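In what follows, a single structure is set out as structure tokens and then discussed.
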Amino acid sequence: MSNIENTRVIQGWRSSRTLILGTACLALFTETLLYGFVVPILPYMLEIRLHQNPSQTQRTTSGLLSVHGFATLILTPLIAAAADRTPDRKIPLIIALLAALGGTILVALTPTIWAIYLGRILQGVSGSAAWIICLAMLTDNAGEGRVGRVMGLSMSIVLSGTVGGPSLAGILLQWAGYWPAWSVPFAIILVNILLRLITDEAPKKPTSHPPASRENPSTDEQDCSATDIENTETSPLLSESTTPRETTRQDEHTATDIPISFYYKMLSDCRVLASISSTTIYSIIIAGFNTTLPVHLREIFNWGSFTVGMMFLILRIPAIILGPLMGWVRDHIGLRYPTTLGWALLSPLILCLGLPSGPEHHGKAFFITCLACIGCASTLVQGAGVLHTITILKDVETRKPNIFGHRGGLSRVFAINEVSFNAGLMLGPLLSGILSETIGYYKMSATLSLICLVNAIFVWNFFERGLTHGEK
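Using the UniProt record's numbering, you'd call the opening residue of the sequence shown number 1 and step up by one each time.
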């Protein structure tokens with residue numbers, strides 16, 4: 001094989017769909033792993049490395065986990081706007097991964113409590129950027145008619161990161177030590193950066209008008225000069241449909257009014273609000289478990305990081321096993337019934353989770369059983385919010401084609417879901433941490449149980465009865 005042929009083979013591999021999709025999925029896996037990886041290690045970091053009073057561990061843990069969601073909640077719209085203006089996604093994703101590496105180094109070194117906060121902020125911002133960029137990569141490179149399947153596969157990989165983070169950290173901390181545990185996320189981030197340097201993704205194409213006209217839509221001189229260039233001696237003096245100034249006004253409307261009308265149209269729909277509620281409350285519950293379980297299990301059962309990691313594995317592994325089955329169920333009966341059932345089941349299960357107060361009377365077995373049942377029930381509600389929002393978007397666009405522009409509003413649906421989920425990541429640690437400290441773990445569980453019950457009623461009333469968009 002000649003050098004030219006070798007070069008073509010290598011170039012073809014670098015730009016292959018498989019490598020691009022694999023790189024995006026690995027980046028999503030890394031960001032979800034980083035969020036939960038620190039959870040079982042935090043008590044060790046705060047009490048052993050920083051010599052903090054154990055009575056302050058729960059409060060500090062709540063703050064460190066909530067700041068992750070707060071940073072992403074604030075910066076996600078800005079990151080999305082910047083990503084839309086960047087034709088090449090390679091550099092932004094590399095920057096995001098480098099920021100994740102820097103944040104992880106700060107957290108692992110644990111020089112001061114404020115350095116950990118800064119590290120968590122860097123991890124949150126980089127994770128939000130990676131989510132936006134990688135979802136766009138997956139959508140653009142999935143191929144015609146394969147977006148749903150590719151998204152389903154990517155979410156399974158994301159769940160693996162969610163499961164693997166706390167579980168892996170707890171196991172490695174107890175079996176190998178502090179720095180061997182942190183070597184795993186460092187290695188994964190470096191592999192991410194290497195793969196992103198290797199991949200050669202084609203820059204995304206402009207949607208309609210050149211950037212100059214989009215950035216300065218109100219400058220009549222530029223529009224007139226562009227029109228003069230396009231007109232020839234054989235062209236009619238007036239367009240059959242619109243004049244240049246009318247075209248300029250239409251461009252202004254497309255560039256400025258459509259984003260506003262999208263969010264107004266979608267957020268004024270009660271069905272979308274039900275989707276947001278489902279996404280946010282699910283995120284609150286997951287973040288609440290991350291915040292309270294390590295301290296609570298140490299207090300009532302005297303469990304260490306390894307056992308806590310196993311509890312997170314029990315909580316999350318059902319989602320990986322039952323996820324494909326749940327996708328099949330949703331495709332055949334829609335979202336309303338399984339999602340309502342999921343929230344209705346989570347309400348008593350979360351309440352029962354707060355009942356054990358010690359190892360006596362089979363408290364450990366009861367707690368583990370409740371946790372496993374919560375993991376199974378959560379598969380009924382996980383991802384339902386974003387799928388329902390996409391279904392509503394398809395319904396609106398079917399009734400009024402091009403209402404959100406000729407490329408649709410799918411990316412903005414992802415932004416709505418990202419902000420909703422990050423709001424839960426911010427509120428979950430604060431709510432669960434404060435309630436657990438002030439009124440106790442059982443009453444905190446009762447509060448979350450009531451929220452789940454109310455949301456079940458909300459979902460039953462406003463979720464669509466029909467099939468998801470993937471079945472249409």
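Glycine is no exception: its CB is placed at the ideal position from the N, C-alpha and C atoms. The structure presented is a predicted model; accordingly, all values stated were derived computationally and were not measured.
Would you tell me roughly how many angstroms separate the C-alpha atoms of residue i and residue j, rounded to the nearest one?
i: L431; j: L19; result: 41 Å
i: A319; j: F367; result: 19 Å
i: S261; j: I105; result: 42 Å
i: L346; j: Q11; result: 50 Å
i: L93; j: A456; result: 38 Å
i: T279; j: L425; result: 11 Å
i: M266; j: A136; result: 21 Å
i: I333; j: Y442; result: 35 Å
i: residue 484; j: R412; result: A query on residue 484 cannot be resolved here, the shown segment of the chain reaching from 1 to 472 and no further.
i: T307; j: L351; result: 22 Å
i: E464; j: R271; result: 8 Å
i: C25; j: L194; result: 14 Å
i: V163; j: I317; result: 7 Å
i: Y44; j: L50; result: 9 Å
i: residue 474; j: V39; result: In this structure the chain extends from 1 to 472, so residue 474 is not present and cannot be described.
i: S66; j: L325; result: 32 Å
i: L75; j: I4; result: 45 Å
i: A108; j: R399; result: 52 Å
i: T391; j: L73; result: 24 Å
i: S437; j: L97; result: Checking the sequence shown, residue 437 turns out to be Glu, not Ser. Between E437 and L97, the C-alpha separation is close to 35 Å.
i: N417; j: S283; result: 11 Å
i: A71; j: A423; result: 10 Å
i: G103; j: N53; result: 25 Å
i: L393; j: S420; result: 17 Å
i: V191; j: L42; result: 25 Å
i: L427; j: C376; result: 23 Å
i: S364; j: A372; result: Per the sequence shown, residue 364 should be read as Lys rather than Ser. Between K364 and A372, the C-alpha separation is close to 12 Å.
Figure out for me which residue from the options has the closest Cα to the Cα of residue i.
i: T32; options: A130, F367, N53; result: A130
i: H296; options: V381, L98, G354, M266; result: G354
i: G161; options: W179, L173, V184; result: V184
i: F462; options: T398, F37, S268, E418; result: S268
i: residue 483; options: L371, A96, D88; result: Missing from the structure shown is residue 483; the chain here goes from 1 to 472 and no further.
i: G323; options: I188, P348, V158; result: V158
i: P348; options: A99, L65, I188, A446; result: A446
i: L153; options: M311, G383, P166; result: G383
i: M311; options: L293, I74, W328; result: L293
i: L450; options: L173, I285, I300; result: I285
i: I189; options: K394, L453, L34; result: L34
i: A115; options: A82, L64, L194; result: L64
i: M155; options: R336, G342, L73, T379; result: T379
i: residue 476; options: I434, L453, V459, W460; result: Examination of residue 476 is not possible in this model, given that the chain is present from 1 through 472 alone.
i: A415; options: R298, C134, A365; result: C134
i: I171; options: I403, L313, R17; result: L313
i: I276; options: A181, L21, V381; result: V381
i: G385; options: M444, I439, D200, L273; result: L273
i: F301; options: P356, W175, D200; result: P356
Any idea if residue i is buried or exposed, counting beta-carbon neighbours within 10 angstroms, 16 or more meaning buried?
i: T7; result: exposed
i: T291; result: buried
i: Y264; result: exposed
i: A187; result: exposed
i: E246; result: In this predicted model, E246 has a pLDDT of only 44, less than 50, meaning its place in the structure is not dependable; the value taken from the coordinates is given anyway. With fewer than 16 Cβ atoms within 10 Å of its Cβ, E246 is classed as exposed.
i: I198; result: exposed
i: H374; result: Inspection of the sequence shows that residue 374 is occupied by Ile rather than by His. Buried, since its Cβ has 16 or more Cβ neighbours within 10 Å.
i: S55; result: exposed
i: G69; result: buried
i: H362; result: exposed
i: A27; result: buried
i: E240; result: For E240, the predicted model reports a pLDDT of 41, less than 50, meaning its position is unreliable; a value from the coordinates is still stated below. E240 comes out exposed.
i: P338; result: buried
i: V459; result: buried
Does the ligand GTP have even one heavy atom less than 7 Å from the beta-carbon of residue i?
i: L450; result: The ligand content of the structure shown is nil, which means the ligand GTP is not present either.
**Request:** Scan the region 312–358 and note each continuous beta strand (DSSP E) run of 3 residues or more that stays entirely inside, going in chain order.
**Result:** None, since the region 312–358 contains no complete beta strand (DSSP E) of that length.
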